[in-house]
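Some notes on the structure that comes next.
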Amino acid sequence: MKGIYLKVLFAFISLLVVSCSTRSSLEVDGLQCENLNEPLGIDNTSPHFSWVLNSKEQGAEQTAYQILVASDKKYLSEGKADLWNSGKMESDKSNGILYQGSPLSSRSFSYWKVRVWDGEGNVSAWSEPACFGVGLLHPEDWTARYIGMNQAEGQMESPLFRKTFQCNTLGEKMLLHVNSLGYHEVYVNGKHVGDAVLTPAVSQFDKRSLIVTYDISELVRKGSNEIVFWLGKGWYRDGLPGVVEGGPFVRAQLESRDEGDWTTVLVTDDSWLARKSGYVSAGNWRPHQFGGEVVTASELLPDLTASTLNSVEWEKVKVASIPVHKATPQMAELNRIQKEFHPVSCQASGDTAWIFDMGTNFTGWTKIKFPALASGQKIRISYCDFLNEEGQFRDRLYEDYYIASGKAGESFVNKFNYQAYRYLKLTNLSEAPALTDITACLVHTDYNGSASFSCSDEDLNAIHDMIHYTLRCLTLGGYMVDCPQIERLGYGGDGNASTQTVQTMYNLTPLYMNWMQAWADCMREDGGMPHTAPNPYMAGGGPYWCGFIITASWATYVNYGDSRLIERYYPYMQKWLEYVDKYTVNGLLKTWPNTDYRNWYLGDWATPTGIDQTNPLSVDVVDNCYISVCYQTMCKIANVLGKEQDKQAYAAKYKDLNALIHKTFYDSGQKSYATGTQIDLIYPMLVSATPEDEQSDVRNTLYRVTKDRFNGHLATGLVGIPVITEWAVKNKQADFIYGMLKKREYPGYLYMLDNGATTTWEHWNGERSHIHNCYNGIGSWFYQALGGINPDEANPGYKHVFIQPQLVKGISWVNAAKETPFGMLEVKWEKTDVSFTLDLSIPVGCKATVLLPVKAKSVSINDVKSDKLDQLEMQSGNYRITCAL
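Residue numbering for the sequence shown is -23 to -1, 1 to 862, as defined by mature numbering (1 follows the signal peptide of the UniProt record, and there is no 0).
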């Protein structure tokens, strides 16, 4: 008894000492596992943890952390954590902390929390607990079968699958693993599970399908339960790689956990029932043929409760034989409705048609409440992203249909397809719905981390905002599309063109994890890469498209500090560069042949009228400069991965190729490269193929060509925009870019805006698509040049950042903010004739080197005079830097 008494007394005294000690000002929140918020089914057993720190103190920093991981919340304490107690780890790292506890396996479900120590040795409070689960990782984890519905050849039903099941014991956790080939929704006891739409994300079906895990613990009840899967084809279209005719299909497994043990409660098998839902897919999901949905209202069920399900007839499902492929948990956020809004106007188009202007282009769903309809009345719902030259609706491009039941309160909503448009036309209606009866639903992958920018020039604000919004319309389904209404493909060229911009503006690590997985799945045995991933069919592009797996993986590492992509796909990068070697002649890459999965051989693309983007000289210099970028990037990746021999080999290739680029394409008399276009001049300078003593001459040629030949305009395309942007940022050419952005005539962004653009176009002249990913690469310039926020490759993920605003005549102030892995980084500056003021907010975990863009007579930091007049080293916190000029 005495021993027990002493232990209790000691524990009490220890607790008292801790409670009376100085508590750290650091607060821990934003816990993520694998960069996801409480994922229920991750795809590995070695997860990574991250968190965000907040503090009101200047210079706050983390010096150590402690992580606890337990199989149950009740064990989540220092003395009980049964999976991992890291102990106090001396480290300032708060991102990508590798789990090093007891082995995890499929179905592992865990809880974790973290606390940290500050620079004074004070410990923070424990964070709120978070959880994560490991999904079904192995084929033997599955006993469920793929099921589908018998349907006529060529019919594309969006079927319902139903099962009544008994649950005599409710587990503490009930997880439903759903592996659908096509889109799915889940309903349990009449209630929709979650709020995700258009699920799962994309994958290459002949190699992989994705599993989504749902927590339905609150929906399952003791006794009898009803579960319904509602499926749609999505990309699971007949004739595409790996697609079995007669789909969509699904297999699912409900697992119940009780006292740490898992029991399989329910699986899909031949005992399930199927029926039509009232929704049918239209279109074959090839370019210009994405169709829509046909809804027959008389076939719709009013709800999915047991009484309704029992009131209609069902048929036996068919068990499908699906080719062997990888089925892995989805590691990107799900799609969700992000914003809803109503049209701004309506006008009649004849006696029975009505055209609604939504006010902006967008990608997503449409909800329509109809006036009274007659039974069998067929309403055509048409969409277009811009009007023709006569201001008329471009009819029958993409459309849905609604066939009325004649009952009161009829309405339409998309379910397993989406549209991208601004103008909506309803045909065969004698009366127009009210504006408030039509709702546009912007849908995209549920990422976070939105950046913001504004300045004293409203033209620049308009350009930035258009790009910022456009990217929300293109990041749908765990990848980036080129144009969501025409092709819906994940082009690598478009991705390269916008990756720096989109990764500056949003937190997209999970999206890129999913997308790079698709790129690896698409590689051919000989190392060849397609132009899109997933790669459902042949599509155009060139080396700038194929090498996306190299340059985008590196960008993800630099912008988010996540090394897994460069580690995981390094062998694929090497294999593709070996493929490049096969088509290299005398040291330069030359045209390779078309294949059954890839065509064309482009340099730049979507250039303005008058520029021959197909000129072989331009194509060759652009493509070889991109290969130079790849070699340089591989040097960096090999360095990070500790592969010194590879690093030296790629460095040699980089040096040799640059020498050949200059020797082959440089005209010493004209001080020009290849065809003398902007991209032909800038790309060799950017990759350092241009010798230092020639740089000034080539720059002067660029300025002259831009002024005289291109009338001061941007005169390049999809590849050229990010190239000119990167070069301008690195060489402090903000005035050069600013002058081109301010041009209102064709070609340019203000030309788009002045002609009604709300999202960026596919071509400078507005041909084909008004929602596209061609020209969004300029978006990073607003943050990196004007805001001055530049990541440090040596300290990735904004652990260290350079702040160096580039001043422009005509801009007096700039506000820029970007959410980093450590939290929000904000830069605000204002310049007058006598002063320059810079306000900084640096998150905990990040350090900044501030390079002042002015020659200051004196500098004060938070009203304290500094002895530094040009370069300042800043810790976390809030600062006002005032410079007298």
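For every residue, glycine included, the Cβ atom is placed at its ideal position computed from N, Cα and C. Since the structure is predicted, the reported quantities are computational estimates derived from the model, not experimental observations.
Residue(s) in a DSSP beta bridge with Thr509: Within the sequence shown, the letter at position 532 stands for residue 509. In DSSP, Thr509 forms a bridge with Tyr468.
Identified DSSP bridge partners for Arg(-1): To locate residue -1, count along the sequence shown from 1; it is residue 23. None; Arg(-1) has no bridge partner.
DSSP three-state assignment for Gly646, whether helix, strand or coil: As a position in the sequence shown, residue 646 is number 669, starting the count at 1. Reduced to three states, the DSSP call for Gly646 is coil.
Cβ contact check for the stretch 194 to 206 and the stretch 309 to 316: 3 or more pairs under 8 angstroms: no
Through-space distance from Trp758 to Met443, alpha-carbon basis: Taking the first residue of the sequence shown as 1, we reach residue 443 at position 466. Taking the first residue of the sequence shown as 1, we reach residue 758 at position 781. Distance between the alpha carbons of Met443 and Trp758 is about 14 angstroms.
Start-to-end residues for the alpha helix (DSSP H) that takes in Thr528: Along the sequence shown, read from residue 1 onward, the residue named residue 528 stands at position 551. Where Thr528 is concerned, the enclosing alpha helix (DSSP H) stretches over Phe525 to Tyr537.
Secondary structure of Gln396, DSSP reduced to three states: As a first step, residue 396 must be located in the sequence shown, where it is residue number 419. Of the three classes helix, strand and coil, the one that applies to Gln396 here is strand, per DSSP.
CB of Gly694 within 8 angstroms of CB of Trp582, strictly: Residue numbering aside, residue 694 sits at position 717 when the sequence shown is read from its first letter. Residue numbering aside, residue 582 sits at position 605 when the sequence shown is read from its first letter. Taking 8 angstroms as the Cβ cut-off, Gly694 and Trp582 qualify as a contacting pair.
DSSP beta-bridge partners of Leu152: In the sequence shown, residue 152 corresponds to position 175, counting from 1. Its beta-bridge partners are Asp192 and Glu232.
Cβ pair His421, Gly756 closer than 8 angstroms: If you number the sequence shown from 1, residue 421 lands on position 444. If you number the sequence shown from 1, residue 756 lands on position 779. Taking 8 angstroms as the Cβ cut-off, His421 and Gly756 do not qualify as a contacting pair.
Residue ranges of each beta strand (DSSP E) within the stretch 752 to 832, 3 or longer: 766 to 768, 777 to 780, 790 to 797, 800 to 808, 812 to 819 and 824 to 828
Buried versus exposed, by CB contacts within 10 Å (16 or more), Val321: As a working note, residue 321 is residue 344 in the sequence shown. It is exposed - the Cβ of Val321 has fewer than 16 other Cβ atoms within 10 Å.
Integer-rounded CB distance, given that Val91 should sit under 8 angstroms from Tyr42: One-based indexing of the sequence shown puts residue 42 at position 65. One-based indexing of the sequence shown puts residue 91 at position 114. Indeed, because the Cβ distance is near 6 angstroms, the residues count as touching under 8 angstroms.
N- and C-terminal bounds of the beta strand (DSSP E) containing Leu208: The sequence position of residue 208 within the sequence shown is 231, counting from 1. Where Leu208 is concerned, the enclosing beta strand (DSSP E) stretches over Gly200 to Gly209.
Residue range of the alpha helix (DSSP H) that includes Trp704: As a first step, residue 704 must be located in the sequence shown, where it is residue number 727. Its alpha helix (DSSP H) spans residues Gly697 to Lys707.
Residue 870 versus Val791, Leu8 and Tyr723, residue with shortest Cα-Cα distance: Any answer about residue 870 is impossible in this case: the structure gives the chain only from -23 up to 862.
Chain-order list of residues whose beta-carbon lies under 6 angstroms from that of Arg371 (same chain, five-residue window excluded): Locating residue 371 in the sequence shown gives position 394, where the first residue counts as 1. Excluding residues within five positions, the ones whose Cβ falls inside 6 angstroms are Cys361 and Asn365.
Nearest neighbour of residue 868, chosen from Gly467, Ala297, Trp239 and Leu618 [CA to CA]: One cannot answer for residue 868 here, as it falls past the ends of the chain, which runs -23 to 862.
Between the CA atoms of Leu565 and Gly519 - distance to the nearest angstrom: Here the question's residue 519 lines up with position 542 in the sequence shown. Here the question's residue 565 lines up with position 588 in the sequence shown. Roughly 15 angstroms between the two C-alpha positions.
DSSP-derived helix/strand/coil call for Glu292: Taking the sequence shown and counting its residues from 1, one reaches residue 292 at position 315. If DSSP states are grouped into helix, strand and coil, Glu292 belongs with the strands.
Distance between Asp657 and Leu579 (C-alpha atoms, nearest Å): As a working mapping, residue 579 is identified with position 602 in the sequence shown. As a working mapping, residue 657 is identified with position 680 in the sequence shown. Computed Cα separation, rounded: 14 angstroms.
Residue burial classification, Ser(-3) (beta-carbon count within 10 angstroms, cutoff 16): Residue numbering aside, residue -3 sits at position 21 when the sequence shown is read from its first letter. Low per-residue confidence applies at Ser(-3): pLDDT is 49, beneath 50, and the placement is therefore not dependable enough to give any value.
Close beta carbons around Arg399, own chain, < 8 angstroms, minus the five adjacent residues each side: Numbered from 1 along the sequence shown, position 422 holds the residue referred to as residue 399. Correct list, in chain order: Asp334, Met335, Gly336, Thr337, Asn338, Phe339, Cys361, Asp362, Phe363, Thr735 and His747.
Thr809 to Ser789 span [Cα, whole Å]: Along the sequence shown, one-based indexing puts residue 809 at 832. Along the sequence shown, one-based indexing puts residue 789 at 812. Those two C-alpha atoms are separated by around 7 angstroms.
Alpha-carbon spacing of Lys253 relative to Ile124, whole angstroms: Within the sequence shown, numbered from 1, the residue matching residue 253 stands at position 276. Within the sequence shown, numbered from 1, the residue matching residue 124 stands at position 147. Going by the C-alpha atoms only, they are around 14 angstroms apart.
For Arg122, three-class secondary structure by DSSP: Taking the first residue of the sequence shown as position 1, residue 122 is located at position 145. Residue state, collapsed to three classes: coil.
Every unbroken alpha helix (DSSP H) inside the stretch 592 to 646 [4 residues or more]: 593 to 617 and 621 to 642
Residues bridged to residue 916 [DSSP beta-bridge criterion]: Since the first residue shown for the chain is -23 and the last is 862, residue 916 is missing from the structure and cannot be characterised.
The stretch 763 to 781 touching the stretch 821 to 838, judged by at least three CB pairs closer than 8 angstroms: yes
Whole-angstrom distance between Asn563 and Ser425, CA atom to CA atom: Your numbering for residue 425 matches position 448 in the sequence shown. Your numbering for residue 563 matches position 586 in the sequence shown. Note that residue 425 corresponds to Asn in the displayed sequence, not to Ser. Approximately 47 angstroms, taken between the alpha carbons.
Beta carbon of Ala711 nearer than 8 angstroms to that of Ala762: Within the sequence shown, numbered from 1, the residue matching residue 711 stands at position 734. Within the sequence shown, numbered from 1, the residue matching residue 762 stands at position 785. Yes. Within cutoff.
Phe(-14), buried or exposed, once every other Cβ within 10 Å from all chains shown has been counted against 16: Reading the sequence shown from its first residue, position 10 is the one you call residue -14. Legend: pLDDT at Phe(-14) = 39, less than 50; position of this residue unreliable, no value from coordinates given.
Status (buried if at least 16 other CB within 10 Å, exposed otherwise) for Leu(-18): Here the question's residue -18 lines up with position 6 in the sequence shown. At Leu(-18), the pLDDT of 37 sits below 50, so the modelled position is not reliable; the number obtained from the coordinates is stated separately. The residue is exposed, with fewer than 16 neighbouring Cβ atoms inside 10 Å.
Distance between beta carbons of Thr245 and Ala121, contact taken as under 8 angstroms: As a position in the sequence shown, residue 121 is number 144, starting the count at 1. As a position in the sequence shown, residue 245 is number 268, starting the count at 1. That belief holds up - the Cβ atoms of Ala121 and Thr245 are roughly 5 angstroms apart, short of 8 angstroms.
Cβ distance (whole Å) where Ala510 is taken to contact Gly454 below 8 angstroms: Residue mapping note: residue 510 aligns to position 533 of the sequence shown, counting from 1. Residue mapping note: residue 454 aligns to position 477 of the sequence shown, counting from 1. Contact doesn't hold; Cβ gap of about 12 angstroms is too wide.
Nearest neighbour of Leu81, chosen from His25, Asp600, Val5 and Ala129 [CA to CA]: Looking up residue 81 in the sequence shown gives position 104. Checking every option, the nearest Cα to that of Leu81 belongs to His25.
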